[in-house]
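Each remark here refers to the structure printed beneath this line.
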Amino acid sequence: MAITPDEQKQVSFLKTCVNGINALSGIGILSIPYALSSGGWLSLILLFLIATAAYFTSLLIRRCLDTNPHIRSYSDIAAHAFGSKGRVVASVFTSLELYLVATGLLIMEEDNLHKLSPHFVLKLGSLTLDGRHSFVILAGLIIWPSMWLSDLGVMSYVSATGILSSVIIVVCVFCAGVSGGAGFHGKGRLINMQGMPTALSLYTFCYGAHAMFPAIYNSMRKKDQFSMVLLISFILCTINYFCMALVGYLIYGQNVQSQVTLNLPVQEASAKIAIYTILAGPVAKYALTITPIATAIESCLPPKYQDSKPISIIIRTSLLISTVLLALLFPSFQSVTALSGAVLVVSVSFLLPCICYLKIFQVYRNWGVELAGILIIILMAILVGTLGTYSSIAQAIKHTDISDISKRISRVDDNHSNSILICNCFNRFNINLPTFFWYKIKMAHFKLAET
463 MAITPDEQKQ VSFLKTCVNG INALSGIGIL SIPYALSSGG WLSLILLFLI ATAAYFTSLL
523 IRRCLDTNPH IRSYSDIAAH AFGSKGRVVA SVFTSLELYL VATGLLIMEE DNLHKLSPHF
583 VLKLGSLTLD GRHSFVILAG LIIWPSMWLS DLGVMSYVSA TGILSSVIIV VCVFCAGVSG
643 GAGFHGKGRL INMQGMPTAL SLYTFCYGAH AMFPAIYNSM RKKDQFSMVL LISFILCTIN
703 YFCMALVGYL IYGQNVQSQV TLNLPVQEAS AKIAIYTILA GPVAKYALTI TPIATAIESC
763 LPPKYQDSKP ISIIIRTSLL ISTVLLALLF PSFQSVTALS GAVLVVSVSF LLPCICYLKI
823 FQVYRNWGVE LAGILIIILM AILVGTLGTY SSIAQAIKHT DISDISKRIS RVDDNHSNSI
883 LICNCFNRFN INLPTFFWYK IKMAHFKLAE T
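Residue numbering for the sequence shown follows my numbering, beginning at 463 and increasing consecutively.
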């Protein structure tokens, strides 16, 4: 049977598997040992339950895509089920989810580069950027060329490097435990109920690829094989997540950090390989992550601009710049992953697929095993979302230490007014600002206490 030109542009089974595995094997692999340390050994049961539920909802998305050949995106599924309002809700949730994942990729790059060069400083004229801020900008520049790619067939070659890096990281962490003197002495706790919401959020974050599945599905040449692609992707990624959680927690126990690579001693060869390898992750995954957002924006443009390559590059570059700015403002990796896992991944990967499927196929009219399973997933998603959101916000507030500032500021008489240089305030708190920020302000009601 001859292959048409349109079919030639589509992706083979193997390349689709590569894109599917890369979509799932994201930055969550670095936080999975921290998730296990938060919830304890028994929380691994939740990892497998979440993986099973995520695979089931991905099949629901596939069934929804099969109902109409004109459905091309996640938003189209919601529009098919609930009209224009459904499209708007789905677009907002999927875009925010992928946007935060893309931001998390940049933060991960920043943290690991800072691990390698903690004293790096970038000077641009009178502006001095510390290592962390500099590395976010440098990461954006490295990723930028991949923004020119929009063909998922070509992108699969980039995705292959992302998959390889995930496997290498697990192997390197294992080698660090064997040869680095750390050993496998972290006994850990059986269960920690206080940390369970954080564990749930981070486990959920690992399976937040559903917004990318419609694009991967529509790029496939033989769409009837997509269920097998999903099965292979979920099995391989879950095995990799389990191995990383096991190895990382056994080595570092309760001392494991939000990114396990930050625990690695940089003097060890295996640690350097792991850190250098993880640096390839954002480059391999960022373009695939941002593609659904860019496609949604392009679909809102006039028809003559929708297939314009320069417009596509401008949109993708703008998204990259905005995520760089967000990573500069909110540099906490654990907070970004936990909060997006609690709110957005739960909605996009669990709630919306179930609700759309119920509406399109009207399964709610006939009680059965399928309906019971969907209702259980919906209830589980609501529980995880509620507990995870509360835990994430509480952790973010906890890690924002203002006690030092409050000790340095004392209340004075209402009639007192002290004119000071704002830059002196920041210097007192060890925050360096460029010279053009030296402006005088009136500090009514407050003055700096001597330390």
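Ideal Cβ positions, reconstructed from N, Cα and C, are used throughout, including at glycine.
Between which two residues does the beta strand (DSSP E) containing residue i stretch?
i	result
LEU506	Taken as a continuous stretch (DSSP letters only), LEU506 belongs to no beta strand (DSSP E), being part of the alpha helix (DSSP H) at 506–528.
Please tell me whether residue i has its Cβ less than 9 angstroms away from any Cβ of chain D.
i	result
MET570	Absent from the structure is chain D; it holds one protein chain and no more.
On the DSSP letters alone, give me the boundaries of the alpha helix (DSSP H) that residue i sits inside.
i	result
LYS766	765–768
LEU723	The amino acid occupying residue 723 in the given sequence is Thr; Leu does not appear at that position. Element bounds for THR723: n/a, residue is neither H nor E.
PRO659	658–667
ARG651	Careful: ARG651 lies outside any alpha helix (DSSP H) and carries neither H nor E.
ILE777	771–791
CYS818	814–823
ASN702	688–714
HIS542	536–578
ILE496	Residue identity differs from the one stated: residue 496 is Tyr in this sequence, not Ile. Element bounds for TYR496: 490–501.
ILE737	731–740
If I'm right that residue i touches residue j with Cβ under 8 angstroms, what's the distance once you round it to whole angstroms?
i	j	result
VAL805	GLY847	6 angstroms
ALA673	VAL810	5 angstroms
ARG534	SER689	Between SER689 and ARG534 the Cβ distance is about 19 angstroms, and since that is not below 8 angstroms, they are no contact.
ALA677	THR565	Rounded, the Cβ-Cβ distance is 20 angstroms, inconsistent with contact.
MET682	THR478	5 angstroms
SER761	SER641	Wrong, their Cβ atoms sit about 51 angstroms apart, outside the cutoff.
PHE475	LYS684	7 angstroms
SER608	ALA749	4 angstroms
LEU652	LEU508	Actually they are not in contact, since the Cβ atoms of LEU652 and LEU508 sit about 14 angstroms apart, beyond 8 angstroms.
PHE667	VAL807	5 angstroms
ALA736	ILE631	5 angstroms
Should residue i and residue j be called a contact, given that it needs their Cβ atoms to be closer than 9 angstroms?
i	j	result
TYR536	PHE675	yes
TYR711	ILE512	no
ILE839	CYS816	yes
PRO744	ILE605	yes
ILE483	ILE625	yes
PRO495	MET658	no
VAL551	LEU841	no
ALA485	ALA671	yes
SER499	GLY650	yes
ILE489	LYS747	yes
TYR826	LEU693	no
SER720	LEU492	yes
THR519	PHE704	no
ASN422	GLY501	What the structure shows of the chain is the stretch from 463 to 913, and residue 422 is not part of that stretch, so it cannot be assessed.
VAL598	ALA843	no
LEU506	TYR679	no
SER487	CYS699	yes
LEU591	VAL583	yes
ALA622	VAL480	yes
ILE836	LEU521	no
ILE539	ILE822	yes
THR751	LEU567	yes
Residues bridged to residue i by DSSP?
i	result
THR590	LYS585
MET682	VAL473
(Q) Does the contact criterion of 3 or more C-beta pairs under 8 angstroms hold for the stretch 658–669 versus the stretch 764–779? (A) no
Q) Can you find at least 3 beta carbon pairs, one from the stretch 536–553 and one from the stretch 567–579, that sit closer than 8 angstroms? A) no
Q | Any 3 or more C-beta pairs closer than 8 angstroms across the stretch 740–750 and the stretch 559–577 | A | A contact exists between the stretch 740–750 and the stretch 559–577.
Q. Are the stretch 708–722 and the stretch 554–566 touching by the rule of at least three beta carbon pairs closer than 8 angstroms?
A. no
Q) Do the stretch 632–642 and the stretch 722–739 make contact, defined as three or more Cβ pairs closer than 8 angstroms? A) yes
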